[in-house]
Structures are given as C-alpha cells and as structure tokens.
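Enquirer: Numbering (the numbering used here), first residue to last: 101 to 462.
Have a look at this one.
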C-alpha cells in the first residue's frame, strides 16, 4: 500500500526511517546484524563492527550519494555472475553463507530506493550451490512513498572446472514477483519507479570465470511474463501532481526487454583486506513495449524508443575479513554511460548506488 509522506533530510530523515523500519523486515536486518556481531568475541572485531554499523547509519541518511551498481533487476549479483568472488573449496550439503546487505539508490527522478537484502547460499555436494535472495524495499518519492517485499531471486550454480588456479561456474535461475507491479496511490496506478516488484517471472543464466586476481562473468535475463502495471498520464491529469506524473514514462501492460550483462573485475587480496575494481555493462537488447489507446479507444502496442543500448558502470569496493567466518564489504561506482532516463519505462535507471554488506560463512 502506498503512503503519502513528505520527504525529510538529515536527522529528521533518520528518525523517519527508524519509525518506518520498526514494523518491517528491516528490523530483522538490525537484529540479525547484532546476532552475527555477537558470534565473534574479539575486542578489535567488535570495534570494527560498531564502526561499520555507524557508517551504515550515516551513509544511508545522507542525500548526497556517489556510485552506481547493478540495476534492481539484480541478475548481476546472482550465482556465477556475483562480484568479488574467490576460489571456493568443496563442501558437503550445508548452509554455506548468509549475507545482509543495505542498498541505497537514487533514481533519475530523485526517488530514493532503500532495500535490505537477505542472501543465503547452500552447498550441495562438491560442485553445487543454491542461492536465495529476499529483499525488502522502501521507495521515497514526490508522488508518494511505497514499501514492500521485493522480488525473490533463486539461482543454481554448478562448478564446471575447479582447480587451484581458476574456476569456471555456470548458473541458471529465476526471479519470482511478489506483486503484479501495479501498486497504486489513491486508486491511481503508480509509475514503475515506485514499484517494489517488477511483477514478472524472469529466466536468468550466466557463466563466471574466476582466478585469484580476476573475475569475468556474463549473463542474460529474459522476462517470461509481462508487467501488469497500468500507469498512464490520464488518471493523474486532474490532480495537483499532474505535471509531476507526466514526467514519468508510461508503462501500461509493459513488456520489458531482455538484458545481457558483461563484467570484468580485478581483485587485490591481502591477509584481511581485499579491494576490487572493474567494469559492468548491461545491454538492453530490444525496446520495451507498452500499450496505449488509439483514437478508436483500442489498446495498441507502442515501442518505447531509446530503451535499448548499453549502460556502463565503473565499480569498486573494499572488504575486510574479521575472521575466516565473518567480514563486511562496501561497494560503490561511477556511471560512465547510460541509456535515456526519461524513457526507462521499467523504472530500473539509477543515478547513484551504494551497498554495504555483512557476511557470515559457516
């Protein structure tokens, strides 16, 4: 359900988030963070965790963010396509790792998207891993605010080649919608930028090649269904927000295009600290299509020109391992090339993105 809340900045914004998160899955994130924090008893580790949590609070209450990462479609963080990978050891069936990520992005329309993501990986035998991602998303914009459970990601990864020098992994997966992508405010459909779910079932496949110092990966994401969003300008035409609503691209019954991803990444690894940097490219292979009524009142398919092409991002990050079990990583980036934001009908375009992750390996 969409809620009308006026934006605030600085300290007031922090307080508002604290109130909203009180009854949401974000509270689970906070409790889980401190639970993992108590697992390791070393004094130095506690101080670093406290510092990391303080940085988290400061970073995500600021309006001036820098960086851009993977789009909300999110397939570039699944399975063999994940960033900052290491050579993995063989394991039996067991819970391999749990990650808690705080994501914050600013869209081209100055909406602020916050997501808290629970990411679990399970090893099955020597060469198989199943990954599950559960996000909870809160969108803050000028039309309204919206929040809810995001799309669920599932991926199966198989190690094709494993040795001490390199690994070749293949992944296949899906994204499962948690809504139909048509949340409304006062019975008026909201643009895709305000939706917490894309509303489509997606098929995802990819390959990843990892050495001790390099990661190369590629993947494809193909929507299997259309989005049930009904956003058009007309329902908003007689409201005080008519001009603002008309600035968003129409997305009625949207058919999203297919995305191809390529990543090249260099890693520098030390005893406890690792750094990484590289390039991430996402190519939309075909134009998005939405439906509008013609003069006869019949819904007609309309291509959204400018929705194809390359979005290229320079990414970088740093990680710190408290022990063999736990650590955190921070990732940001700088956008080098983007598709037209005014025509991003699926609402995935971002100006800035930051990720802060705490991980625990079992």
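Positions of the beta carbon are idealized from the N, C-alpha and C atoms, including for glycine.
Note that the coordinates shown come from a computational prediction; the quantities given were computed from them, not determined experimentally.
#1: Which word fits residue 310, buried or exposed, when buried means at least 16 other C-beta atoms lie within 10 angstroms of its C-beta?
#2: Look up residue 346 in the DSSP assignment and say whether it is helix, strand or coil.
#3: Rounded to whole angstroms, how far is the Cβ of residue 364 from the Cβ of residue 385, which I believe are closer than 8 Å?
#4: Name the DSSP bridge partner or partners of residue 202?
#5: Three-state secondary structure (DSSP) at residue 395?
#6: How would you label residue 346, buried or exposed, when you count the other beta carbons within 10 angstroms and need 16 or more for buried?
#7: Does the beta-carbon of residue 446 have 16 or more other beta-carbons within 10 angstroms, so that it is buried, or is it exposed?
#8: For the beta strand (DSSP E) containing residue 423, list its first residue and its last residue.
#9: Give me, in chain order, the residues of the same chain whose beta-carbon lies closer than 7 Å to that of residue 414; leave out the 5 immediate sequence neighbours on both sides.
#10: So residue 407 is in the beta strand (DSSP E); what residue range does that whole segment cover?
#11: Just reading off the beta strand (DSSP E) that residue 367 is part of, what are its end residues?
#12: Whole angstroms is fine: what's the gap from residue 239's alpha carbon to residue 438's?
#13: Please confirm if the region 316-332 is in contact with the region 343-363, defined as three or more CB-CB distances below 8 Å between the two stretches.
#14: Quick one: any contact between the region 244-260 and the region 274-281, if contact means 3 or more CB pairs under 8 Å?
#15: Sort out for me which residues DSSP pairs residue 353 with in a bridge.
Expert: A quick look at the data gives this:
#1: What you label residue 310 is simply residue 210 of the chain shown in a count that begins at 1. Under a 10 Å Cβ-count criterion, residue 310 is classified as buried, with 16 or more other Cβ atoms of the shown protein chains found around its own Cβ.
#2: Position 246 of the chain shown, counted from the start, is the residue given in the question as residue 346. Note: residue 346 maps to coil in three-state DSSP.
#3: The count along the chain shown starts at 1 and reaches residue 364 at position 264. The count along the chain shown starts at 1 and reaches residue 385 at position 285. The C-beta distance from residue 364 to residue 385 rounds to 20 Å, too long to meet the 8 Å contact threshold.
#4: The residue given as residue 202 occupies position 102 in the chain shown. For residue 202, which the question treats as bridged, DSSP gives the partners 216 and 456.
#5: Taking the first residue of the chain shown as 1, we reach residue 395 at position 295. Residue 395: coil per DSSP, three-state reduction.
#6: By one-based count along the chain shown, residue 346 stands at place 246. Answer is exposed; the Cβ neighbour count stays below 16.
#7: Counting from 1 along the chain shown, the entry for residue 446 is found at position 346. Here residue 446 is buried, its C-beta having at least 16 other C-beta atoms within 10 Å.
#8: Start at 1 with the first residue of the chain shown, and residue 423 comes out as number 323. Careful: residue 423 lies outside any beta strand (DSSP E) and carries neither H nor E.
#9: Residue mapping note: residue 414 aligns to position 314 of the chain shown, counting from 1. The residues are 379, 433, 434 and 436.
#10: Here residue 407 refers to the residue found at position 307 when the chain shown is read from its first residue. That residue, residue 407, is in no beta strand (DSSP E); it is neither H nor E in DSSP.
#11: As a working note, residue 367 is residue 267 in the chain shown. Here the beta strand (DSSP E) through residue 367 covers 359-369.
#12: The sequence position of residue 239 within the chain shown is 139, counting from 1. The sequence position of residue 438 within the chain shown is 338, counting from 1. Rounded to the nearest angstrom, the gap between the Cα atoms of residue 239 and residue 438 is 22 Å.
#13: Verdict: yes, contact present.
#14: Under the three-pair Cβ rule at 8 Å, the region 244-260 counts as touching the region 274-281.
#15: Within the chain shown, residue 353 is the residue found at index 253, counting from 1. According to DSSP, residue 353 shares a beta bridge with no other residue.
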